Amino acid sequence: MKSKRAMRRLILGKLYQLLLDQYSVPVSRESFLDGEFTHHELDAVLAFKSGAQIDELHRALDRLEDGTLDVCISCKGRIGEDALDLNPARRFCVNCEKELSHVVGHSPRFPVQV
Ligand SMILES: [Zn+2]
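Be aware that the sequence shown starts at 51, since it is given in this note's numbering, and climbs by one per residue.
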């Protein structure tokens, strides 16, 4: 996996873009990405923002802190770096995601929240 710092910048970059789309953000992109916010302050900034994508990225930051960002929550295997680059908020490895979409596809009336 990329360094923790690089992943953090990747996630923060996506978060910043989402925040900009919906809210005015009182800091520049660079100061946001360079972590002038502590994790705690970031929690505060995000506390009153809503949106599934923002929530997911926020949780991804927590998992990055825990060191579990690249661990599939289903099989505990590694989520590939390429997959994380595309979507750092993903929680399943490629294999589990395939199985899940299979399950979801067969139970359209009971969509699984992933
Ligand atoms: Zn998996």
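Don't be surprised by glycine CBs; every beta carbon is placed ideally from N, CA and C. All values reported here derive from a predicted model rather than from experimental measurement.
Would a C-beta distance cut-off of 8 Å place A139 and L107 closer than the cut-off? By one-based count along the sequence shown, residue 139 stands at place 89. By one-based count along the sequence shown, residue 107 stands at place 57. At the C-beta level, A139 and L107 come within 8 Å of one another.
Assuming R59 contacts L83 under a Cβ cut-off of 8 Å, what Cβ separation, rounded to an integer in Å, is found between them? Sequence index remark: in the sequence shown, residue 59 carries index 9 (1-based). Sequence index remark: in the sequence shown, residue 83 carries index 33 (1-based). Correct: roughly 5 Å between the Cβ atoms.
Using CA coordinates, which residue listed in T88, D112, R55 and I123 is at the minimum distance from L150? To locate residue 150, count along the sequence shown from 1; it is residue 100. Taking only the C-alpha atoms, the option nearest L150 is I123.
Could you tell me which uninterrupted alpha helix (DSSP H) segments, each at least 4 residues in length, are contained entirely in the stretch 92-157, listed from first to last along the chain? 102-116, 131-136 and 144-156
Compute the distance between the beta-carbons of A37 and I61, then report whether it is under 8 Å. Given a span of 51 to 164 for the chain in the structure shown, any question on residue 37 remains unanswerable.
Secondary structure of K52, DSSP reduced to three states: The residue you call residue 52 lines up with position 2 of the sequence shown. Here K52 carries a coil assignment [DSSP, helix/strand/coil].
Extent of the continuous alpha helix (DSSP H) run through S81: Start at 1 with the first residue of the sequence shown, and residue 81 comes out as number 31. Residues R79 to L83.
Excluding five sequence neighbours on each side, which residues of the same chain lie with their C-beta closer than 6 Å to the C-beta of V75? As a first step, residue 75 must be located in the sequence shown, where it is residue number 25. Result list for V75: L69, in chain order.
Report the three-state DSSP secondary structure of Y66 (helix, strand or coil). By one-based count along the sequence shown, residue 66 stands at place 16. In this structure, Y66 counts as helix in the three-state DSSP scheme.
Please work out which residues of its chain come closer than 7 Å, Cβ to Cβ, to P158, disregarding the five sequence neighbours upstream and downstream, and give them in chain order. The residue given as residue 158 occupies position 108 in the sequence shown. Summary for P158: the model assigns pLDDT 46, below 50, so the residue's position carries little reliability, and this model does not support an answer.
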